[in-house]
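Residue numbers (our numbering): 161 to 484. Yeah, the Cβ is synthetic: ideal placement off N, Cα and C, and Gly gets one too. Note that the structure is a prediction, hence the values are computed from the model and not measured.
Structure representation (structure tokens):
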């Protein structure tokens, strides 16, 4: 049996369940998930290796939206980049929401690629079967989808069928990553994301969207990882909200993030958080560029590996998190 492999991009509107699906298929948490839209800001690759059969490189993307600020434009560029080099598209739709103008825009991006597309109707556990059949009929008229697969990413329903269908659709190809690697993202980036996830959970209104996180120090010892991270906001008032009365809010963010990181990293974590004001950072190209770990890692790998494409024709950067 030939070994199949390829890159599979997941696209959909904010809160459609893309990151939940990625985590479920990989089997470990590699992408943060909240109920707030636009939680995902970067492309994240999750690797599913089926021994002796194939390797699926899933590419999670930010939710499709009309961008305004520099940050949002960068997020949409992440979507365009993911669509460019993929072998298969997974277009995910939340069946609890009506098909609206934003969905039309998302579907138009999908159609432009000319790539084979599987439609995933997500959150089927939240609607009645007759309604699901109506939705399937509606979408069947919109595009010639390779497959229409009802799933519940949160409950795990339909994922075995999805995994099998995806693998069958990929071309014969090489191992792009080692068998035990589950993502290409560095642990430092994941730590920053876990902290930001807790900011999204604990803060409200506009504050979470004006927030980002940078890990400034990372020190690994035998049984302890020390992490120092800065939470950036745009105004002093937002800083006060993140810190909270008597530091209670920041303490809650730190405690929750530390517990989550200890589960993910499988080690004790000492986490130190600071809150800093960077006025208008979402519209600062220089600052937003600093948040792009793909660019940072690519610059590093280019200096270390001059002929990187000779090593991997898809151009992935070595490194990333392994199974614990």
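Asked                                                                                                                                                                              : Found
According to DSSP, simplified to helix, strand and coil, what is residue 249?                                                                                                      : strand
With C-beta atoms as the reference, is residue 387 less than 8 Å away from residue 431?                                                                                            : yes
Just the C-alpha distance for residue 299 and residue 409, rounded to the nearest angstrom, thanks.                                                                                : 44 Å
Please report the Cβ distance between residue 162 and residue 197, rounded to the nearest whole angstrom; I am assuming they are in contact, meaning their Cβ atoms lie under 8 Å. : Not confirmed; about 41 Å, so no contact.
Applying the criterion that 16 or more other CB atoms from any shown protein chain within 10 Å of the CB defines a buried residue, is residue 437 buried or exposed?               : exposed
Residue 311 by DSSP, collapsed to three states: which one?                                                                                                                         : coil
Do residue 176 and residue 319 have their CB atoms nearer than 8 Å?                                                                                                                : no
Going along the chain, which residues of its own chain have a beta-carbon closer than 8 Å to the beta-carbon of residue 168, five neighbours each way excluded?                    : 216, 217, 218, 219, 246, 247, 248, 249, 250, 326 and 330
Would you check if the distance between the CB atom of residue 171 and the CB atom of residue 224 is smaller than 8 Å?                                                             : yes
Can you give the Cα-Cα distance for residue 342 and residue 209, rounded to whole angstroms?                                                                                       : 8 Å
Smallest Cα separation from residue 351: which of 232, 259, 429 and 182?                                                                                                           : 429
State the start and end residues of the unbroken alpha helix (DSSP H) segment that holds residue 328.                                                                              : 319-329
Let me know the secondary structure DSSP gives residue 228 once reduced to three states.                                                                                           : coil
When you compare the CB positions of residue 222 and residue 238, do they come within less than 8 Å of one another, or not?                                                        : yes
What are the uninterrupted segments assigned as beta strand (DSSP E) that are 3 or more residues long and contained completely in the segment 171-241, given in chain order?       : 204-210 and 214-220
At which residues does the alpha helix (DSSP H) containing residue 394 begin and terminate?                                                                                        : Segment: none, residue 394 is in no alpha helix (DSSP H) and carries neither H nor E.
Between the alpha carbons of residue 206 and residue 182, how many angstroms are there, rounded?                                                                                   : 7 Å
Strictly under 8 Å for the Cβ-Cβ distance: is residue 191 near chain C by that measure?                                                                                            : The question asks about chain C, but that chain is absent: this structure has only one protein chain.
Find the nearest neighbour of residue 254 within the set 420, 313, 190 and 164, judged by alpha-carbon distance.                                                                   : 313
Alpha carbon to alpha carbon, how far is residue 304 from residue 259?                                                                                                             : 17 Å
In angstroms, rounded to a whole number, what distance separates the CA positions of residue 179 and residue 381?                                                                  : 31 Å
When you compare only the Cα positions, how much space is there between residue 395 and residue 236?                                                                               : 25 Å
Reducing DSSP to helix, strand and coil, say where residue 263 ends up.                                                                                                            : helix
According to DSSP, is residue 337 part of a helix, a strand, or is it coil?                                                                                                        : coil
Within 10 Å of its beta-carbon, does residue 462 have 16 or more other beta-carbons around it, so buried, or fewer, so exposed?                                                    : Residue placement at residue 462 is poorly supported in this model, since its pLDDT is 45, which falls under 50; the coordinates still yield a value, given next. With fewer than 16 other Cβ atoms within 10 Å, it is exposed.
Considering only DSSP beta bridges, list what residue 275 is partnered with.                                                                                                       : Answer is none; residue 275 lacks a bridge partner.
My understanding is that residue 376 touches residue 389, with C-beta atoms under 8 Å, so please give their C-beta distance in whole angstroms.                                    : 6 Å
With 16 other CB atoms within 10 Å as the buried threshold, where does residue 165 fall?                                                                                           : buried
Among residues of its own chain, excluding the 5 on either side of residue 267, which ones have a beta-carbon nearer than 8 Å to its beta-carbon?                                  : 251, 302 and 303
For residue 285, which residues in the same chain have their Cβ closer than 6 Å to its Cβ, ignoring the five residues on either side in sequence?                                  : 312 and 315
Would you mind working out which of 310, 348, 440 and 347 sits nearest residue 256, comparing C-alpha positions?                                                                   : 310
I need the straight-line Cα distance from residue 294 to residue 277, nearest angstrom please.                                                                                     : 20 Å
Assuming residue 431 is part of the alpha helix (DSSP H), what are its boundary residues?                                                                                          : Looking at the DSSP string, residue 431 is not in any alpha helix (DSSP H); the run it does join, the beta strand (DSSP E), is 428-437.
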